[in-house]
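Asker:
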Amino acid sequence: MASTSSNGNGSIPDNVIRTKILLTGMRRSGKTSIHEVLFNNMQPKDTFWLETTTRVRKHHYDTVIPLEIWDCPWNAGPETLEISLVEFAAMIFVIDIQDLYQQPIAKLVEWIITACTESPDMSLEVFVHKSEALSEDYKIENFRHIQQRVLDELADISLEYEQVPVNFHLTSVYDHTIHEAFSRVLHKLISVLPSLEDLLNVFCAKSQAPKAFLFDIHSRLYVATDASPVDTATHNLCCDFLSMLNAFGPLYKSVSASPARCRKPLPPSLPTPPPSSPESGHSTSLPSTLSPITPKHSSKELFYPSASTSLSPSAQGTTLTYHLVTPQLALVSILPTTVYESRRGLVEFNVVFFREGVQEICDVELDGRTLRH
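For what it's worth, the UniProt record's numbering labels the leading residue of the sequence shown as 1, then goes sequentially.
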């Protein structure tokens, strides 16, 4: 038996081909917690009260690509699934870092061997989870021990399994390691990733931005970034900035986004006022939803939320900027404050072209996945 639920903004129709991700592991390893924290905005402390998964649950999530995440109970095996593993693009096996390793490693090896037989192209990912429970040195030691045990078990079965590409990630729902790990899994599933990365590289070069991310707004997964290395501190900072905007965004509204009954009607001779533009340094301009607003008196999309914040009072500091790109995606970039203040018009001009490029890529991707009747 299986149940299906949807989250995300739900804007993608039902007649699309979804990329399937298998989420499995032992009992109480944290599978459902990972899904709820990432995609349903659950607070990590509330995951203590989640019930044990007893049947397969299919969750739909819409981002650059439409996803279908299968949350499996601990006793599920390759033979008990409704479909073959060839239907899945990736498998994420979750291991509790504090658990006794023998049983979960045996279960993981069983999944890997079956995947190698049925679906050799499947991305195999292992989340060594709940790392917040251990000290820094101890969790690194345990992480390496689990990784080596898995590889040794595969090599003992057959030398051909020794070369199987299994990716290990150290994760926790109490920090951004889970966002970074799931983002890296997602990158392998997005066929248009090179095109998105090219757009980000051009934006960074033309805007003098040291770093830029294309984030999924709701889950705070970055679906693409430019060619420069991802620094953990920078990634965490951008995640926190996006989290703050998600929390406080509903408090800020453009006058053009407000319902007609909540504001005085404009005289016919006066033009529609443009949406308020946030001042540099300490501003947030967001409607109640993070999506473009189409006023009733206009057929054009006039409002794309944006925000910026200065990380230092000094002119030599750094500024974080946010620009909505699609209803699901936002561009978060890091700029020198001097560049942002002196060339803000150029930056926003570049954002317009970046936005149009991403929207076109997303439209082509969705069109290619839509089933024709």
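No residue lacks a Cβ here, since even glycine has one placed at the ideal position from N, Cα and C. All values derive from a computational prediction rather than experimental measurement.
In chain order, what residues of the same chain have a beta carbon less than 6 Å from the beta carbon of residue 72, not counting five sequence neighbours either side?
Answerer: Contacts found: 24, 56.
Asker: Considering only their Cβ atoms, is the gap separating residue 21 from residue 70 smaller than 8 Å?
Answerer: Their beta carbons are under 8 Å apart, which means residue 70 touches residue 21 by this criterion.
Asker: Looking at the unbroken alpha helix (DSSP H) that takes in residue 356, where does it start and where does it end?
Answerer: Here the alpha helix (DSSP H) through residue 356 covers 344–369.
Asker: Leaving out five residues before and five after residue 354 in sequence, what residues of the same chain have Cβ atoms less than 6 Å from its Cβ?
Answerer: Contacts found: 199, 203.
Asker: Grouping DSSP H, G and I as helix and E and B as strand, with all else coil, what is residue 156?
Answerer: Helix.
Asker: Report yes or no: do three or more beta-carbon pairs, one from the segment 339–354 and one from the segment 226–241, lie closer than 8 Å?
Answerer: Taking 8 Å as the limit for Cβ pairs, the verdict is that the segment 226–241 does not touch the segment 339–354.
Asker: List, from N- to C-terminal side, the alpha helix (DSSP H) runs of 4 residues or more that fit wholly inside the segment 192–256.
Answerer: The qualifying runs are 193–207, 232–248.
Asker: Taking the straight line between their C-alpha atoms, what separation do you get for residue 251 and residue 245?
Answerer: Straight-line Cα distance between these residues: approximately 10 Å.
Asker: Given a threshold of 16 other Cβ atoms within 10 Å of its Cβ, counted over all protein chains shown, does residue 154 qualify as buried or as exposed?
Answerer: Residue 154 should be labelled buried.
Asker: Quick one: grab the DSSP three-state call for residue 341.
Answerer: Three-state result, residue 341: helix.
Asker: Any idea if residue 30 is buried or exposed, counting beta-carbon neighbours within 10 angstroms, 16 or more meaning buried?
Answerer: Result: buried.
Asker: How long is the line joining the alpha carbons of residue 140 and residue 179, rounded to whole angstroms?
Answerer: Distance between the alpha carbons of residue 140 and residue 179: 19 Å.
Asker: Output the distance between the C-alpha atoms of residue 185 and residue 96, rounded to the nearest integer angstrom.
Answerer: Roughly 19 Å between the two C-alpha positions.
Asker: Using the DSSP secondary-structure output, state which residues sit across from residue 85 in a beta bridge.
Answerer: DSSP output for residue 85 lists no bridge partner at all.
Asker: Verify whether the separation of the beta carbon atoms of residue 189 and residue 115 is less than 8 Å.
Answerer: No, Cβ-Cβ distance for residue 189 and residue 115 is not below 8 Å.
Asker: So, helix, strand or coil for residue 185, using DSSP?
Answerer: Three-state result, residue 185: helix.
Asker: For residue 360, count the other beta carbons within 10 Å of its own beta carbon; 16 or more makes it buried, fewer makes it exposed. Which is it?
Answerer: By the neighbour-count rule (16 or more Cβ atoms within 10 Å), residue 360 is not buried but exposed.
Asker: Which of the three DSSP states is assigned to residue 288 in this structure?
Answerer: Legend: pLDDT at residue 288 = 36, less than 50; position of this residue unreliable, value from coordinates given subsequently. Here residue 288 sits in coil by DSSP.
Asker: Below 6 Å CB to CB, which residues in the same chain sit around residue 143 once its five sequence neighbours on both sides are set aside?
Answerer: Counting only Cβ-Cβ distances below 6 Å, and skipping sequence neighbours, we find 128, 170.
Asker: State the start and end residues of the unbroken beta strand (DSSP E) segment that holds residue 66.
Answerer: Segment 66–71, the beta strand (DSSP E) holding residue 66.
Asker: Give every residue of the same chain whose Cβ lies closer than 7 Å to the Cβ of residue 243, excluding the five residues on either side of it in the sequence, and list them in chain order.
Answerer: Excluding residues within five positions, the ones whose Cβ falls inside 7 Å are 220.
Asker: According to DSSP, residue 92 sits in a beta bridge with which residue or residues?
Answerer: Beta-bridge pairing links residue 92 to 23, 125.
Asker: State the CB to CB distance for the pair residue 318 and residue 334, rounded to an integer number of angstroms; the pair is presumed to be in contact (CB under 8 Å).
Answerer: With 8 Å as the limit, residue 318 and residue 334 qualify as a contact, their Cβ atoms being about 6 Å apart.
Asker: Kindly give me the distance between the Cβ atoms of residue 228 and residue 347, rounded to whole angstroms, as I take these residues to be in contact under 8 Å.
Answerer: Going by Cβ atoms, the distance from residue 228 to residue 347 rounds to 18 Å, so no, they are not a contact pair.
Asker: Using the rule of at least 16 other Cβ atoms within 10 Å of the residue's Cβ for burial, across every protein chain shown, is residue 94 buried or exposed?
Answerer: Residue 94 should be labelled buried.
Asker: Pull up the DSSP beta-bridge partners for residue 330, would you.
Answerer: BP columns for residue 330 point to 215, 324.
Asker: Using a 10 Å radius around the Cβ and a threshold of 16 neighbouring Cβ atoms, would you call residue 49 buried or exposed?
Answerer: With fewer than 16 other Cβ atoms within 10 Å, it is exposed.
Asker: Apply the 10 Å Cβ neighbour rule to residue 135 and answer buried if 16 or more other Cβ atoms are within range, or exposed otherwise.
Answerer: Counting Cβ neighbours within 10 Å, residue 135 comes out exposed, since fewer than 16 surround it.
Asker: Please state the DSSP three-state secondary structure of residue 172.
Answerer: The answer is coil: DSSP assigns residue 172 none of H, G, I, E or B.
Asker: To the nearest angstrom, how far is it from the Cα of residue 130 to the Cα of residue 191?
Answerer: About 31 Å.
Asker: According to DSSP, which residues form a beta bridge with residue 318?
Answerer: 336.
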